[in-house]
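Here the structure is laid out as structure tokens; the discussion comes afterwards.
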Amino acid sequence: MKLSARIMEQGLLTSKFRGTLQGALIGDCCGSPYEGEPMEDGTKIVLRKFLQKLSGPYFVAPFKPYTDDTAMTISVAEELIENKGVDQVRLARRFVQRYFQTPNRGYGGGAMELFAKLRSSRFENITQLARSQFGGRGSFGNGAAMRVSPVPLFCIGSETELVELVRKQAEITHSHKLGINGAILQALAIHQSLNLNPMKPIDTQQFVEDLMRKMKAVEKDEDDIETRNPEPYHDQLKEISSLLGKTEPTDEAVLNGLGHSVAALYSVPTAIYCFLRSLSEIESIHAENPFMRCLEYSISLGGDTDTIASMACAISGAYYGESIIPASLLKHCEASEEITGLADSLNKAIRE
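Below, the structure is given as structure tokens:
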């Protein structure tokens, strides 16, 4: 598989792979305590102090547990490493086995119902079960996007293969185009960041324009999307571009434009915006480290904080690499060594 010569020359690939999965883990673990909380000024101060303590060298505390976001991410990574691709039956078995081993990870009701049906059906007609959910419409949530970060690592040399594998892993639980395409958008954002030089500033508008062009191709000829707008993600990316052109837009403006819910359409674009805005200083966020700024900002917007922070920090980690991530923060997250090992195994898998 052909890799980016620029990344290979700089010896950044290992760091970027680790940064991607470590970022996803940290966003999940640090964001989950604030999920659904009203993010008022006092709560934001508590958040800031919480993150400062976790990233400090002398703070000792029990690890922060991960949620279903990371549990399913691990399953996707293991499937890619062991199978060199995505076999839907095998991956479905991984999801179900991991769920029943530790069900108290914050899984949504739809996922719990689906996993029970998958097990009782002996994993027959897998994608049909996903299509039958939510009155036959399928899920348009962000569950397929939240676990997608290993795919762009495995497919670093091919966007075509990336889109194919993202669809395959998504279809196990999501049949609605909004759920699937949200996962594709998140994977493309990580993929773009992997191929950028962290020593050079990002042209944020160009980053968005590249995603708009790619999503326009993904969304074309999809008349079955239940929306009046045939290109919803393309339009959300236009909103990101508009917000990036403003000076210090308010949180209210960001949430009104992009949202922060469990719907993929109203969380994946938000995560991408959080990453891009955090590349430079934010008046309300005091963190100087851009990864930490991304983490704090994405949680401070409230809503589905664990998933939005996980997706945003995965993109940030893909761009900067692991060197930007405070080691003391990472060690406070459950399974940090396992996640780092999976990143290294994915790196090895693409070379075999």
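Residues 0 to 351 (numbering that gives the first Met the number 0) are what the sequence shown spells out, left to right. Cβ atoms here follow ideal geometry from the backbone N, Cα and C, with glycine treated the same way.
If you check the CB distance, T69 and S31 do not come in under 7 Å. Three or more pairs of CB atoms, one per stretch, sit closer than 8 Å, so the segment 307-320 contacts the segment 257-272. The Cβ atoms of A188 and I338 lie no closer than 7 Å to each other.
For F16, the number of other beta carbons within 10 angstroms of its own is at least 16, and it is reported as buried. For I25, the three-state secondary structure derived from DSSP is helix. For L264, no alpha helix (DSSP H) segment is defined, and its DSSP state is neither H nor E. E230 is not a Cβ neighbour of G256, given a cutoff of 7 Å. Here A143 is not near L117, since their CB atoms are 7 Å or more apart. I44 counts as exposed, since fewer than 16 other beta carbons sit within 10 angstroms of its beta carbon. By the neighbour-count criterion, in which 16 or more other beta carbons inside 10 Å mark a residue as buried, E39 falls on the exposed side.
With 16 or more other Cβ atoms from the protein chains shown falling within 10 Å of its own Cβ, T72 counts as buried. Per DSSP, the unbroken alpha helix (DSSP H) holding N346 starts and ends at 335-348. Segment contact: the segment 167-175 against the segment 128-146, three or more CB-CB distances shorter than 8 Å; contact assigned.
Between the beta-carbon of A186 and that of L210 there is about 11 Å, and that puts the pair past the 8 Å contact cut. Scanning its chain for C-beta atoms nearer than 7 Å, with the 5 sequence neighbours on each side dropped, one finds around F206 the residues Q191, L275, in chain order.
DSSP, read as helix, strand or coil, puts G107 in coil. When Cβ pairs closer than 8 Å are counted between the two stretches, the segment 149-168 is seen not to touch the segment 118-126, the count staying below three.
Rounded to whole angstroms, the separation of the alpha carbons of L278 and G18 is 16 Å.
One alpha carbon belongs to K199, the other to I323, and they sit about 15 Å apart.
When rounded, the separation of the alpha-carbon atoms in E282 and E333 is 31 Å.
Per DSSP, reduced to three states, the secondary structure at G18 is helical. For E160, the enclosing alpha helix (DSSP H) covers residues 158-169. Under the three-state reduction of DSSP, C293 is assigned to helix. For G84, the three-state secondary structure derived from DSSP is coil. L53 and N228 have their alpha carbons spaced roughly 43 Å apart. Nearest to L12 by alpha-carbon distance, out of N180, F62, V261, P151, is P151. Judged by DSSP in its simplified three-state form, C154 adopts coil rather than helix or strand.
A direct Cα-to-Cα measurement between A252 and G178 gives close to 24 Å.
Within the same chain, and ignoring the five residues on either side of F62 in sequence, the residues whose Cβ sits closer than 7 Å to its Cβ are H331, C332, E333. The beta carbons of P64 and C28 sit about 7 Å from each other, so the pair counts as a contact at 8 Å.
Boundaries of the alpha helix (DSSP H) around P231: 231-243. If you draw a straight line from the Cα of A262 to the Cα of G140, it is about 4 Å long. By the Cβ neighbour-count rule, D303 is buried, with 16 or more other Cβ atoms within 10 Å of its own. A348 places its beta carbon less than 7 Å from that of I80.
Beta-bridge annotation (DSSP): I281 is paired with I284.
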